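Trainee: Mind the numbering: the sequence shown is residues 14 to 333 in this note's numbering, read in order. Virtual Cβ for every residue (Gly too), placed ideally from N, Cα, C. The structure presented is a predicted model; accordingly, all values stated were derived computationally and were not measured.
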Amino acid sequence: MLNILISNIGFGEAAPDALKSLQKNAQLTENKEKKRFSEEDFIEKIKDSHILIAGTEKITKSVLEQAPHLKLIARVGVGVDNIDLEEAKKNAVSITYTPDAPSESVPEFTLALILNLIKGISISDHKLHEKIWYRPMGRMLSSFKFGIVGAGKIGSKVIQMIKAISPLSDIFFYDPYVTHISNATKCSLERLFRESDVVSLHLPLNASTKSLVDLNLLKTMKQGSYLVNTSRGGIIDENALYQILQTKHLAGAALDVFEIEPYNGNLTELENCLLTSHLGSMTHEVRKLMENQVSEDVLNFIQGRPLRRPLNGFNFVGLK
Numbered sequence: 014m015l016n017i018l019i020s021n022i023g024f025g026e027a028a029p030d031a032l033k034s035l036q037k038n039a040q041l042t043e044n045k046e047k048k049r050f051s052e053e054d055f056i057e058k059i060k061d062s063h064i065l066i067a068g069t070e071k072i073t074k075s076v077l078e079q080a081p082h083l084k085l086i087a088r089v090g091v092g093v094d095n096i097d098l099e100e101a102k103k104n105a106v107s108i109t110y111t112p113d114a115p116s117e118s119v120p121e122f123t124l125a126l127i128l129n130l131i132k133g134i135s136i137s138d139h140k141l142h143e144k145i146w147y148r149p150m151g152r153m154l155s156s157f158k159f160g161i162v163g164a165g166k167i168g169s170k171v172i173q174m175i176k177a178i179s180p181l182s183d184i185f186f187y188d189p190y191v192t193h194i195s196n197a198t199k200c201s202l203e204r205l206f207r208e209s210d211v212v213s214l215h216l217p218l219n220a221s222t223k224s225l226v227d228l229n230l231l232k233t234m235k236q237g238s239y240l241v242n243t244s245r246g247g248i249i250d251e252n253a254l255y256q257i258l259q260t261k262h263l264a265g266a267a268l269d270v271f272e273i274e275p276y277n278g279n280l281t282e283l284e285n286c287l288l289t290s291h292l293g294s295m296t297h298e299v300r301k302l303m304e305n306q307v308s309e310d311v312l313n314f315i316q317g318r319p320l321r322r323p324l325n326g327f328n329f330v331g332l333k
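See the structure below:
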């Protein structure tokens, strides 16, 4: 019988039938301890696996070298920057993922972070839990210019949401692959950072976006502006952000993603940095959809049918 290793935490909780359908077709090794797999955990458990169902855990060259039978990685989520794609291709490992599933929940969450930042909600909450009556002066969306970096499914939806509740807001966007977005003005990355009051990142992590938001770029932002990241942690130089927030040049930042997760770095020391634990796609509806989509493609692979959502260039011959 085929062996499926599930490193993704909580897989099957939102869609129990998805898990049951896999149990009927393969031997499962589940992440019952609900811990984020380290490289050592993978190396210990993956050697007999034919299929891996993964989240954002790092699937390194060393891990793949210890998986001689592995033929499919099914990623519960959007990004694949956690996978050593070069080694996966070398070993003809197919990859499937769920790129469209979070396209509603992440924009909603992004807007929630923006509103939280500019209204001072979390800071007031923290103070009141300390029995301090603190009333920060908030701002209106209509007074801001917004900069959206990355105008794909998620970034373009953020633009729509902002315009829906604040029609008078000016919105800039930067995306080398998108030429036009209704109700938004395309501009250079430098102009976007220089003129926006709120910058929100919606990019994949790759060689060109790694540490894209460095200290030099952060220094060009307006005094009293805000930065939001719900895409990938490695896009921002976290030490540079710490420096710029310490000086209060930025009024605040909100991060849902980090270069290393779980995160426990120095940004936790700052009151003007709102931190959440990679919650953008963590809704019951999205999680259920992702688990069902992953289960569907794993079963397709096992039964020799075409994958519905293969990563471009990683759709090799299946197990049959």
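Suppose only complete runs of 3+ residues qualify. What are the beta strand (DSSP E) ranges in the stretch 172–206, listed by chain order?
Mentor: List check, beta strand (DSSP E) in window: 183–187.
Trainee: Taking the CB atoms as reference points, tell me whether V307 and V89 lie closer together than 8 Å.
Mentor: As a working note, residue 307 is residue 294 in the sequence shown. As a working note, residue 89 is residue 76 in the sequence shown. Closer than 8 Å, so yes.
Trainee: Using three-state DSSP, classify K60 as helix, strand or coil.
Mentor: Numbered from 1 along the sequence shown, position 47 holds the residue referred to as residue 60. Reduced to three states, the DSSP call for K60 is coil.
Trainee: Count the C-beta pairs between the stretch 70–78 and the stretch 91–110 that are closer than 8 Å, then say yes if the count reaches three, no if not.
Mentor: Proximity of the stretch 70–78 to the stretch 91–110 meets the contact definition, three or more beta-carbon pairs being nearer than 8 Å.
Trainee: What does DSSP give as the partner residue(s) for G160 in the beta ladder?
Mentor: Position 147 of the sequence shown, counted from the first residue, corresponds to residue 160. For G160, which the question treats as bridged, DSSP gives the partners F185, V212.
Trainee: With a cut-off of 8 Å, do at least 3 Cβ pairs link the stretch 272–281 to the stretch 294–308?
Mentor: No, the stretch 272–281 is not in contact with the stretch 294–308.
Trainee: Tell me the rounded alpha-carbon separation between E274 and N38.
Mentor: Translated into positions along the sequence shown, residue 274 becomes position 261. Translated into positions along the sequence shown, residue 38 becomes position 25. If you draw a straight line from the Cα of E274 to the Cα of N38, it comes to about 32 Å.
Trainee: I'd like the span of the beta strand (DSSP E) that includes L338, first residue to last.
Mentor: Any property of residue 338 remains undetermined from this structure, which presents the chain solely from 14 to 333.
Trainee: Is DSSP giving P29 helix, strand or coil here?
Mentor: Residue mapping note: residue 29 aligns to position 16 of the sequence shown, counting from 1. Reduced to three states, the DSSP call for P29 is helix.
Trainee: Have a look at A31 and F24 and give me their C-alpha separation to the nearest angstrom.
Mentor: In the sequence shown, the residue the question calls residue 31 occupies position 18. In the sequence shown, the residue the question calls residue 24 occupies position 11. Our two residues, A31 and F24, have alpha carbons roughly 9 Å apart in a direct line.
Trainee: Between which two residues does the alpha helix (DSSP H) harbouring S308 extend?
Mentor: Indexing the sequence shown from 1 puts residue 308 at position 295. First-last of the alpha helix (DSSP H) with S308: 297–315.
Trainee: Do I108 and V241 come within 8 Å of each other at the CB atom, strictly closer than that value?
Mentor: As a first step, residue 241 is located in the sequence shown; it is residue number 228 there, counting from the start. As a first step, residue 108 is located in the sequence shown; it is residue number 95 there, counting from the start. Contact flag unset, no.
Trainee: Between T42 and the rest of its own chain, which residues show a CB-CB distance below 8 Å, the 5 nearest in sequence each way excluded?
Mentor: Indexing the sequence shown from 1 puts residue 42 at position 29. The answer, listed in chain order, is N16, I17, L18, I19, K58, S62.
Trainee: Could you check which residue in D183, I161, W146, H142 has the C-alpha nearest to that of M153?
Mentor: One-based indexing of the sequence shown puts residue 153 at position 140. Looking at the Cα atoms, D183 is the closest of the given residues.
Trainee: Per DSSP, R88 is paired with what?
Mentor: The residue you call residue 88 lines up with position 75 of the sequence shown. Its beta-bridge partners are A67.
Trainee: Taking 7 Å as the limit between beta carbons, can you name the residues of its chain near K144, skipping five residues before and five after?
Mentor: The count along the sequence shown starts at 1 and reaches residue 144 at position 131. Closer than 7 Å at Cβ, skipping near neighbours: no residue.
Trainee: Taking the straight line between their C-alpha atoms, what separation do you get for L324 and M150?
Mentor: For the purposes of this step, residue 324 is identified with residue 311 of the sequence shown, where counting begins at 1. For the purposes of this step, residue 150 is identified with residue 137 of the sequence shown, where counting begins at 1. If you take the alpha carbons of L324 and M150, they lie about 46 Å apart.
Trainee: Could you give the DSSP three-state label for T123: helix, strand or coil?
Mentor: On the sequence shown, position 110 is the one that residue 123 refers to. Reduced to three states, the DSSP call for T123 is helix.
Trainee: In angstroms with no decimal places, state the Cα-to-Cα distance between R322 and T111.
Mentor: As a first step, residue 322 is located in the sequence shown; it is residue number 309 there, counting from the start. As a first step, residue 111 is located in the sequence shown; it is residue number 98 there, counting from the start. Between R322 and T111, the C-alpha separation is close to 7 Å.
Trainee: Taking the C-alpha atoms as reference points, what is the distance between Q316 and Y239?
Mentor: Along the sequence shown, one-based indexing puts residue 316 at 303. Along the sequence shown, one-based indexing puts residue 239 at 226. Using only the alpha carbons, I get a separation of about 49 Å.
Trainee: Taking the continuous alpha helix (DSSP H) assigned at V76, which residues delimit it?
Mentor: Translated into the one-based positions of the sequence shown, residue 76 becomes position 63. Here the alpha helix (DSSP H) through V76 covers 74–78.
Trainee: Leaving out five residues on either side along the sequence, give the residues of the same chain with a beta carbon under 6 Å from the beta carbon of S348.
Mentor: No answer is possible for residue 348: it lies beyond the span of the chain, which begins at 14 and ends at 333.
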